[in-house]
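Numbering (my numbering), first residue to last: 346 to 495.
The C-beta atom is built at its ideal place from N, Cα and C for all residues, glycine as well.
Since we're looking at a predicted model, the values are computed, not measured.
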Ligand code: RB5
């Protein structure tokens with residue numbers, strides 16, 4: 346399942362992305378907001394917890410810049426959130442980082458670009474090349490050691 350969420354700064358882009366997904370009959374779950382002012386960490390947390398329930402899940406978070414969403418999402422263990430504004434990063438973050446959350450800036454990129462990035466990201470598989478897998482595992486090890494320190 347694809348989960349999609351935004352704060353007010355990313356709301357218009359989220360609605361545009363939803364329309365594109367619907368047009369292609371790609372199912373999604375909207376985690377808010379409804380356009381009213383909300384705090385991006387609240388939406389990021391709700392969405393990420395849902396994404397983590399199944400390794401096949403993916404999430405898309407949109408705020409004004411995408412930065413707040415990416416910072417908040419990456420605080421949650423197991424989330425690999427990537428803020429992207431270009432197609433090469435959207436592709437490589439799947440292939441190299443196995444990102445499970447894509448963050449986009451509603452006020453920094455156009456809606457069509459946002460859709461292009463989401464489409465590329467959704468359609469790019471993580472091949473699990475041992476070089477990259479080892480690095481992704483190292484990231485998880487840092488996360489685990491942080492938990493142990495806490
Ligand atoms: C909200 O005004 C704005 O701060 C938010 O959408 C986002 O850009 C934060 O990183």
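Item to complete: Mind checking who residue 373 pairs with in its DSSP beta bridge?
Response: One-based indexing of the chain shown puts residue 373 at position 28. According to DSSP, residue 373 shares a beta bridge with 347.
Worksheet item: Between residue 471 and residue 439, which are expected to be in contact by the criterion C-beta below 8 Å, what is the C-beta distance as a whole number of angstroms?
Response: Along the chain shown, read from residue 1 onward, the residue named residue 471 stands at position 126. Along the chain shown, read from residue 1 onward, the residue named residue 439 stands at position 94. The pair is a contact, with the Cβ atoms about 6 Å apart (cut-off 8 Å).
Worksheet entry | Where the beta strand (DSSP E) through residue 427 begins and ends | Counted from its first residue, the chain shown places residue 427 at position 82. First-last of the beta strand (DSSP E) with residue 427: 426-428.
Fill in: For review: beta carbons within less than 5 Å of any heavy atom in the ligand RB5
Taking each Cβ in turn, the ones that pass are 352, 354, 408, 409, 410, 412, 413.
Worksheet item: Do you know how far the Cα of residue 431 is from the Cα of residue 400?
Response: Sequence index remark: in the chain shown, residue 400 carries index 55 (1-based). Sequence index remark: in the chain shown, residue 431 carries index 86 (1-based). The alpha-carbon of residue 400 is positioned some 25 Å away from that of residue 431.
Worksheet item: Per DSSP, residue 408 is paired with what?
Response: As a first step, residue 408 must be located in the chain shown, where it is residue number 63. Answer is 450.
Item to complete: Examine the ligand ADP and report whether any of its heavy atoms sits within less than 7 Å of the Cβ of residue 437.
Response: As far as ligands go, the structure on display features the ligand RB5 and does not contain the ligand ADP.
Worksheet entry | Contacts around residue 477, its chain only, beta-carbon distance under 6 Å, and the 5 residues preceding and following it disregarded | Walking along the chain shown from the start, residue 477 turns up at place 132. Excluding residues within five positions, the ones whose Cβ falls inside 6 Å are 441.
Worksheet item: Can you tell me the Cα-Cα spacing of residue 388 and residue 474, whole angstroms?
Response: Looking up residue 388 in the chain shown gives position 43. Looking up residue 474 in the chain shown gives position 129. Distance between the alpha carbons of residue 388 and residue 474: 32 Å.
Worksheet item: Hey, quick one: how far does the alpha helix (DSSP H) through residue 493 stretch, first residue to last?
Response: Position 148 of the chain shown, counted from the start, is the residue given in the question as residue 493. Start and end: 475-494.
Worksheet item: Is it true that the region 397-411 meets the region 450-458, where meeting means three or more beta-carbon pairs spaced less than 8 Å apart?
Response: Result yes; three or more Cβ-Cβ pairs closer than 8 Å.
Discussion item. Tell me which residue opens and which closes the alpha helix (DSSP H) that residue 356 is part of.
Written reply: For the purposes of this step, residue 356 is identified with residue 11 of the chain shown, where counting begins at 1. Residues 356-368.
Discussion item. What does DSSP give as the partner residue(s) for residue 403 in the beta ladder?
Written reply: In the chain shown, the residue the question calls residue 403 occupies position 58. Checking the DSSP bridge columns, you'll see residue 403 partnered with 347.
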